[in-house]
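So the protein sequences, as listed, match chains A and B.
Using the numbering used here, read the first sequence as starting at 4 and increasing by one per residue.
Using the numbering used here, read the second sequence as starting at 8 and increasing by one per residue.
Note that CB positions come from ideal geometry on N, CA and C, so glycine has one too.
These figures come from a predicted structure and were not determined experimentally.
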Amino acid sequence: MAMPEGEMLPAADRRARNIDSLRRYFRLLEEGEIDEWSTLWAAEGTQLVPYATGALPREINGRDDIRVLYRNIAAGFERLRYLVLEFQPMADPDMMLARWRPLCHLVGGGEYTNESFGIFRFDAQGKIVHFVEYFNPAGFVENYDSFSEE
Amino acid sequence: MTPNERRTAEQLRERNIATLRNYFGLLRQKNTDAWIDLWAERCVAFLPYAPEGVPRMLTGRPDVHAFHRDQIAAYREVSFGELAPLPLEDPSRVAARWFPRGRLVSGADYANEHFGIFEFDGSGRIAVATEFFDPAAATALVDASRPSRGAV
């Protein structure tokens, strides 16, 4: 049986590749390039949002649904910047802990910011297969309607 | 606790994860007097999503102990589900998810999901902990942990 390319890479190379992917991930979100951003995900990728409130789902399954959700969210932004972006490699080289602080200027006026943490898991090809995102819902809930087109 | 000397990274991770399992076992038993011994004397605990009226930072064993003693006293019974430890490449750090479920002394049910990052010192004690939880759910627990205002 052929071994997937990613499993051939040493742990340090996988970590470096995954950090590069996450740098692209956040840069593409800043640029609003959601279609290109979605290519960083595996087709069967899933996201959990344990503190989701309101219309935001707690679980999104599949790259297509993830892309639609983030398109809707991005449509509510005039501008998005990350004031803090940190990555902490985990013992499992296919997992990464991330911390970020978004500052969004909303289309409807006003700003949104939060203090977010996430755990990303990558497959052997370096695509995101699972992401658990934590943010303070007290900061998110009053703005989600502004993010969504629908 | 034994210092880090001659321990491999994997042994350090195993020791720290064992400490976390002990941490939640002692909390489940409401034994905060033994639990606080898992913390370094000059520890710091961050609670970035703490709701209004709850400190976002606790410094030193006495403050960490007092805060958690009051929190745990608000439960009639509590469990933390299956601890999901997520060790970092740095063997002195372990992230974890846990799932408090309990019945409060007020009779209300309580459920939340927590995510934390624990940093251990050379002797294996918790030096820094950053703990996230849903503040909306936590409000019921915070209210229950406050002394009665004497309404009855």
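Scanning VAL112(B), GLU89(B), ARG108(B) and ASP116(B) for the CA closest to the CA of ASP77(B) turns up VAL112(B). Secondary-structure assignment with DSSP links PRO92(B) through a beta bridge to ALA103(B). Chain B has no Cβ within less than 7 angstroms of the Cβ of GLN50(A). Taking the beta carbon of GLU118(A) as reference, the chain B residues within 7 angstroms of it are PRO55, listed in sequence order. By the criterion of a C-beta distance shorter than 8 angstroms, VAL110(A) is surrounded in its chain by ALA78, GLY79, PHE80, GLU81 and SER149, once the five residues flanking it on both sides are discounted. Counting only the Cα atoms, TRP40(A) lies some 31 angstroms from PHE125(B). In the displayed model, ARG22(B) falls within a helix according to three-state DSSP. Along the region 11-99 of chain A, the beta strand (DSSP E) occurs as fully enclosed runs of 3 or more residues at 44-51, 62-64 and 80-92, listed in sequence order. Contact of PRO13(A) with chain B by beta-carbon distance below 7 angstroms is absent, the smallest such distance being about 13 angstroms. The criterion of a C-beta distance shorter than 7 angstroms is satisfied by PHE31(B) and PHE87(B). Considered as a whole, the region 52-98 of chain B harbours 68-80 as its complete alpha helix (DSSP H) runs of no fewer than 4 residues, in chain order.
DSSP, read as helix, strand or coil, puts ASP128(B) in coil.
Under the three-state reduction of DSSP, ARG28(B) is assigned to helix. Chain order gives the chain A residues near ALA102(B) as MET93, LEU100 and ILE122, where near means a beta carbon separation below 8 angstroms. Taken in chain order, the members of the region 123-143 of chain A whose beta-carbon sits within less than 7 angstroms of a beta-carbon on chain B are TYR137, ASN139, PRO140 and ALA141. Secondary structure of ALA141(A) (DSSP, three-state): helix. For chain A, the residues of the region 108-123 of chain B that bring a beta carbon within less than 8 angstroms of one of its beta carbons are GLU120 and PHE122, in chain order. Only those residues of the region 126-143 of chain B whose C-beta falls short of 7 angstroms from the nearest C-beta of chain A are listed: PHE139, ASP141, PRO142 and ALA143. With contacts defined as CB atoms closer than 7 angstroms, VAL135(A) and ILE122(A) qualify as a contacting pair.
For ALA41(B), the enclosing alpha helix (DSSP H) has its first and last residue at 39-42. For the region 66-96 of chain B, the residues whose beta carbon sits under 9 angstroms from a beta carbon of chain A are, in order, LEU93, PRO94, LEU95 and GLU96. Taking the CA atoms as reference points, ILE133(B) sits about 43 angstroms from GLY112(A).
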